[in-house]
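S.K.:
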Amino acid sequence: GESVGLHLPTLSVQEGDNSIINCAYSNSASDYFIWYKQESGKGPQFIIDIRSNMDKRQGQRVTVLLNKTVKHLSLQIAATQPGDSAVYFCAENMGNTDKLIFGTGTRLQVFP
Amino acid sequence: EAEVAQSPRYKITEKSQAVAFWCDPISGHATLYWYRQILGQGPELLVQFQDESVVDDSQLPKDRFSAERLKGVDSTLKIQPAELGDSAMYLCASSFESTGDNEQFFGPGTRLTVL
């Protein structure tokens, strides 16, 4: 079936470096994508979203890139901080429904 | 800041027992979702409400799971009887509208352990 997946289950970065978390999706009908951050013991927290008519969107220290040709989504975090340590999920919205399909997550570890 | 409330935060039960989880969405949010998250995986939608009506329960194991939102505000998810494989985090989320690009706000979840 359709799925959203992540290439790396764990990413370790040094504080101050930039982080890039990748995600592949397989449903070409998806037109809305979201990145969530989930800290231990908490629910997912919205970070940034992007619609399929865009290829880049920037927020505060975060940028999401969408490559529809290869069905790839990435989250870039600038100047990674210890507080960024969490599991990051990408999710896709399939067509004209509001059902979100989540990937399996990437754990980001930030070391000093 | 308005938040989605869930209780209890943790629940330990024995298999074959009944359990219930409660969720209070953000005030004014018409759409409410229940998700199940197995450790190390992303959340999976169990049921979606629009006001008091079920919009999608295609992934809800209806032989043992039930969900209700009688007055279109708070909601209860029940499992009876619980099985070992039900151990997971149960997340509730809400959104203002049920459009495809409407942000879903998640609660802290209920961690269920079935012994």
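Chains as they are written, first to last, in this note's numbering: chain F, 309 to 420; chain G, 4 to 118. For every residue, glycine included, the Cβ atom is placed at its ideal position computed from N, Cα and C.
Answer yes or no: does any C-beta atom of chain G fall closer than 7 Å to that of Phe-410/F?
M.R.: To locate residue 410/F, count along the first sequence from 1; it is residue 102. So yes, Phe-410/F belongs to the interface.
S.K.: Give the straight-line distance between the Cα atoms of Asp-339/F and Met-362/F, rounded to the nearest whole angstrom.
M.R.: On the first sequence, position 31 is the one that residue 339/F refers to. On the first sequence, position 54 is the one that residue 362/F refers to. So the alpha carbons of these two residues sit roughly 10 Å apart.
S.K.: Between which two residues does the beta strand (DSSP E) holding Gln-368/F run?
M.R.: On the first sequence, position 60 is the one that residue 368/F refers to. First-last for Gln-368/F: undefined, no H or E at that position.
S.K.: Please list the partners that Lys-376/F has in chain G, where partner means a Cβ-to-Cβ separation under 7 Å.
M.R.: Walking along the first sequence from the start, residue 376/F turns up at place 68. The contacting residues do not exist; Lys-376/F stays about 16 Å from chain G at best.
S.K.: Just checking Gly-31/G against the ligand FAD - is the residue's beta carbon closer than 6 Å to any of the ligand's heavy atoms?
M.R.: You won't find the ligand FAD in this model; it holds no ligand whatsoever.
S.K.: Quick check: Asp-396/F and Leu-373/F, are their CB atoms within less than 7 Å of each other?
M.R.: On the first sequence, position 88 is the one that residue 396/F refers to. On the first sequence, position 65 is the one that residue 373/F refers to. Note on identity: in this sequence residue 396/F is Tyr, with Asp being the wrong assignment. Not in contact: Tyr-396/F and Leu-373/F (Cβ atoms no closer than 7 Å).
S.K.: Could you tell me which residues DSSP pairs with Thr-318/F in its beta bridges?
M.R.: Position 10 of the first sequence, counting from 1, holds the residue named residue 318/F. Paired residues: Arg-415/F.
S.K.: Within 7 Å of any Cβ in chain G, is that where the Cβ of Lys-379/F sits?
M.R.: Working through the first sequence from its first residue, we reach residue 379/F at position 71. Not an interface residue.
S.K.: Starting from Ala-8/G and walking both ways along the beta strand (DSSP E), at which residues does that stretch end?
M.R.: Walking along the second sequence from the start, residue 8/G turns up at place 5. Element bounds for Ala-8/G: 8-10.
S.K.: Determine, using beta carbons only, whether Phe-341/F comes closer than 7 Å to chain G.
M.R.: Position 33 of the first sequence, counting from 1, holds the residue named residue 341/F. For Phe-341/F, the answer is no, since every Cβ of chain G falls outside 7 Å of its Cβ.
S.K.: Grouping DSSP H, G and I as helix and E and B as strand, with all else coil, what is Asp-392/F?
M.R.: Sequence index remark: in the first sequence, residue 392/F carries index 84 (1-based). Correct three-state label for Asp-392/F: helix.
S.K.: Go to Asn-330/F, then tell me how far its beta strand (DSSP E) extends in each direction, as first and last residue.
M.R.: Here residue 330/F is taken as the residue at index 22 of the first sequence, counted from 1. Note, Asn-330/F: beta strand (DSSP E), 327-333.
S.K.: Checking contacts by CB at 7 Å: is Gln-62/G closer than that to chain F?
M.R.: One-based indexing of the second sequence puts residue 62/G at position 59. No, Gln-62/G does not count as interfacial toward chain F.
S.K.: Strictly by DSSP, which residues pair up with His-380/F?
M.R.: The residue labelled residue 380/F in the question sits at position 72 within the first sequence. Residue pairing by DSSP places His-380/F opposite Ala-332/F, Asn-375/F in a beta bridge.
S.K.: Please tell me whether Gly-367/F has its Cβ less than 7 Å away from any Cβ of chain G.
M.R.: As a first step, residue 367/F is located in the first sequence; it is residue number 59 there, counting from the start. So no, Gly-367/F is outside the interface.
S.K.: Which of the residues in the stretch 45-59 of chain G, read from start to end, lie with their CB under 8 Å from any CB of chain F?
M.R.: Within the stretch 45-59 of chain G, the qualifying residues are Gly-45, Pro-46, Glu-47, Leu-48, Gln-51, Asp-59.
S.K.: Can you name, in chain order, every residue of its own chain whose Cβ lies under 8 Å from the Cβ of Leu-408/F, other than the five neighbours on each side?
M.R.: Along the first sequence, read from residue 1 onward, the residue named residue 408/F stands at position 100. The answer, listed in chain order, is Ile-342, Ala-399, Glu-400, Asn-401.
S.K.: Examine chain F for any beta-carbon lying closer than 7 Å to the beta-carbon of Pro-111/G, and answer yes or no.
M.R.: Locating residue 111/G in the second sequence gives position 108, where the first residue counts as 1. Closer than 7 Å to some Cβ of chain F, the Cβ of Pro-111/G qualifies, so yes.
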